[in-house]
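*Asks:*
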Ligand SMILES: *[C@@H]1O[C@H](CO)[C@@H](O)[C@H](O)[C@H]1NC(C)=O
Ligand SMILES: *[C@@H]1O[C@H](CO)[C@@H](O)[C@H](O)[C@H]1NC(C)=O
Ligand SMILES: [Zn+2]
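In this note's numbering, the protein residues as written are 58 to 579.
Here it is as structure tokens:
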């Protein structure tokens, strides 16, 4: 009896824990609205077991059909969501559904139909948490490197200009492997084409910031390493890339030259690399087309080489009104695929959704998620217009520190407040950050600031709250997802080093060093 009494007492203690019921670890949302007064979720059928049984069985059928694909890949398209953490995928999926008037959580991103799924470990040789340079080196050359460096082994420390010119330390990207096999290669990004991620396709540098010669001079490395833009136009494999689309005109033009939109170039060596690029193709008897706005891209002829630079710096966020005269990521991806598909031997294409990362760094949740949905559109389009001879791999370079939290009701506005409030009864956001410029000072009596009014303005420039004040939010060290569809998708299953990715893609495509799928066929 005494024992039973003790157990009951203990149970009572647990159930009378603070925070209006539930157990002490999982309080219920403290919404001022009664949950029962909110409309029911709009997705009919979810109340039945049959709905979930059917959903599971359909999915199982698909997965059994797609268990393996032992073809070899003629084409490889790598989609890189810069900073596309797993919580970002979940939140973007919810936003996608909410924009369509649904609860949202149940909607699907294009990658959710991809049969191969894995996790990649993103740390770099000298860094616990990756930047986009060392990670680009890993997922494009197959070798882990030091933070800030691109296309070189970890014998090169960041900013060591002498070491970076040593050919022994340079590593080739999968674009080189594709070109060596007679295939074509290209890159598409929403950032400057000389930014860290796309540079991994073609550059070797001790510092990602050396995008024009002015940056190299400033670092005191003049006369050594070429700047990244010059490597893209005059180096190999940059000068062989069939398609180059993104932003960054400033790195190509002299500081005395004004571009099509009235902006000064950054170069001090007097080179006009856009003219150099034309000249190089003309000397090779190749057709070359340069475009700088959306209209020109959509009407460009589909033969020869294509260079598109749509901004002086990064392209605009898709939600900025000024993005109207710039192509979308999906439009650039389509133009690249159409052009590269003309090579009967196939191609390697790198496509970056580069501004997901920038949205996160500024704690701009709406922009980070919208850029993710633009990335999603480009993936859906590529999956739609390519056949089963094309391997599509989608991944991220590193995570971010955005959390998706609380106990909100199904269908709660993903960009808004949680149903819950904190211990001082101040509302909090469903999406918030560990650090960044969205930090707010607490009120005079030490409680958090209520951001409800700011949020009501519905600005795309609203910064979500952050715990630690920092000018720029940081990357996260968590693993990122890898999704694969097409030939050899099953080799992308598992948890592995990020640097394995080019080896796996090369295996599927039978290019580059190492083992090839086409040799493994009985
Ligand atoms: C270009 O750069 C040079 C060297 O730094 C400087 O003297 C000159 O004023 C710059 N010109 C313009 C138009 O910014
Ligand atoms: C995929 O192709 C179909 C048929 O051509 C088209 O109706 C659909 O809009 C396409 N979807 C995307 C995402 O491009
Ligand atoms: Zn970043």
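The beta-carbon is built from N, C-alpha and C at its ideal position, and this holds for glycine as well.
Taking 8 Å as the cut-off, does the region 303 to 310 touch the region 243 to 250 (at least 3 CB pairs, one atom from each stretch)?
*Replies:* Cβ pair count under 8 Å is three or more, so yes.
*Asks:* Enumerate in chain order the residues of its own chain whose CB-to-CB distance from residue 561 is below 7 Å, with the five nearest sequence positions on each side excluded.
*Replies:* For residue 561, where only same-chain residues beyond five positions count, the Cβ hits under 7 Å are 548, 549.
*Asks:* Tell me, please, which residues DSSP counts as bridged to residue 131.
*Replies:* Looking at the DSSP assignment, residue 131 forms no beta bridge with any residue, so it has no partner.
*Asks:* In terms of residue numbering, what span does the alpha helix (DSSP H) encompassing residue 561 cover?
*Replies:* Note, residue 561: alpha helix (DSSP H), 558 to 566.
*Asks:* In the DSSP assignment, find the unbroken alpha helix (DSSP H) run with residue 258 in it and report its ends.
*Replies:* Counting along the chain, the alpha helix (DSSP H) containing residue 258 begins and ends at 253 to 259.
*Asks:* Can you have a look at residue 504 and say buried or exposed, based on whether 16 or more other CB atoms are within 10 angstroms of its CB?
*Replies:* Counting Cβ neighbours within 10 Å, residue 504 comes out exposed, since fewer than 16 surround it.
*Asks:* The alpha helix (DSSP H) with residue 44 in it runs from where to where?
*Replies:* The first residue shown for the chain is 58 and the last is 579, placing residue 44 beyond what the model contains.
*Asks:* Taking residue 577 as the reference, which of 110, 128, 87 has the closest Cα?
*Replies:* Comparing Cα-Cα distances from residue 577 to each of 110, 128, 87, the minimum goes to 128.
*Asks:* Give me, in chain order, the residues of the same chain whose beta-carbon lies closer than 6 Å to that of residue 540; leave out the 5 immediate sequence neighbours on both sides.
*Replies:* 168, 171, 174, 451.
*Asks:* Could you have a look at residue 575 and say whether DSSP puts it in helix, strand or coil?
*Replies:* Helix at residue 575.
*Asks:* Rounded to the nearest angstrom, how far is the Cβ of residue 235 from that of residue 242, given a contact under 8 Å?
*Replies:* Right, the Cβ-Cβ distance comes to about 5 Å (below 8 Å), so this counts as a contact.
*Asks:* For residue 313, verify whether its CB is less than 6 Å away from any heavy atom of ligand 1.
*Replies:* Yes.
*Asks:* Measuring alpha carbon to alpha carbon, tell me which residue in 386, 217, 183 is nearest residue 429.
*Replies:* That would be 386, whose Cα lies nearest to the Cα of residue 429.
*Asks:* So, residue 87 versus residue 477, is the Cβ gap smaller than 7 Å?
*Replies:* Yes, the pair counts as a contact, with Cβ atoms nearer than the cut-off.
*Asks:* As a quick exercise: from 472, 361, 454, pick the residue whose alpha carbon is nearest that of residue 461.
*Replies:* Of 472, 361, 454, the residue nearest in Cα terms is 472.
*Asks:* So does residue 414 have its beta carbon nearer than 6 Å to some heavy atom of ligand 3?
*Replies:* Flag set: Cβ of residue 414 near ligand 3.
*Asks:* Rounded to whole angstroms, what's the CA-CA distance from residue 573 to residue 506? Just pull it up for me.
*Replies:* Those two C-alpha atoms are separated by around 57 Å.
*Asks:* Confirm, please, whether the CB-CB distance from residue 446 to residue 131 is below 7 Å.
*Replies:* Yes, Cβ-Cβ distance for residue 131 and residue 446 is below 7 Å.
*Asks:* Rounded C-beta distance between residue 189 and residue 553? I'm assuming under 8 Å.
*Replies:* Contact doesn't hold; Cβ gap of about 20 Å is too wide.
*Asks:* For residue 230 versus residue 197, is the C-beta spacing smaller than 7 Å?
*Replies:* Yes; because the gap between Cβ atoms is below 7 Å, this pair is in contact.
*Asks:* Over the uninterrupted beta strand (DSSP E) stretch that includes residue 449, give me the two end residues.
*Replies:* It spans 447 to 453 - the beta strand (DSSP E) in which residue 449 sits, taken as one unbroken run.
*Asks:* Out of 210, 421, 258, state which residue places its alpha-carbon closest to the alpha-carbon of residue 520.
*Replies:* Residue 520 has its Cα closest to that of 421, out of 210, 421, 258.
*Asks:* Can you tell me whether residue 109 is buried or exposed, with buried defined as 16 or more other CB within 10 angstroms of its CB?
*Replies:* Residue 109 is exposed by the Cβ-count criterion.
*Asks:* Which of helix, strand or coil does DSSP assign to residue 541?
*Replies:* If DSSP states are grouped into helix, strand and coil, residue 541 belongs with the strands.
*Asks:* I think residue 207 touches residue 195, with their Cβ atoms under 8 Å apart; what is that distance to the nearest whole Å?
*Replies:* Incorrect: roughly 11 Å between the Cβ atoms, too far for contact.
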